[in-house]
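Numbering (the numbering used here), first residue to last: 20 to 70.
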């Protein structure tokens with residue numbers, strides 16, 4: 020049985036992640052000036068990674 024090509028080790032460029040961790044999202048909101056201290060970390064607004 021052969022392995023599917025998607026399981027091979029990629030030697031090329033790493034793909035850009037489209038999903039940010041909670042800490043990355045908070046840092047990004049701070050940079051944009053949209054974060055208020057004391058705010059709950061649950062229910063954060065959707066954020067797109069910087070280009």
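Idealized CB from N, CA, C, for every residue including glycine.
- Between residue 45 and residue 54, the C-beta gap is smaller than 8 Å, which places the two residues in contact.
- Per DSSP, the continuous alpha helix (DSSP H) segment holding residue 50 begins and ends at 41-51.
- Within the same chain, no residue comes within 7 Å of residue 21 by CB-CB distance, once the 5 residues on both sides are set aside.
- The three-state reading of DSSP puts residue 37 in coil, since its state is none of H, G, I, E or B.
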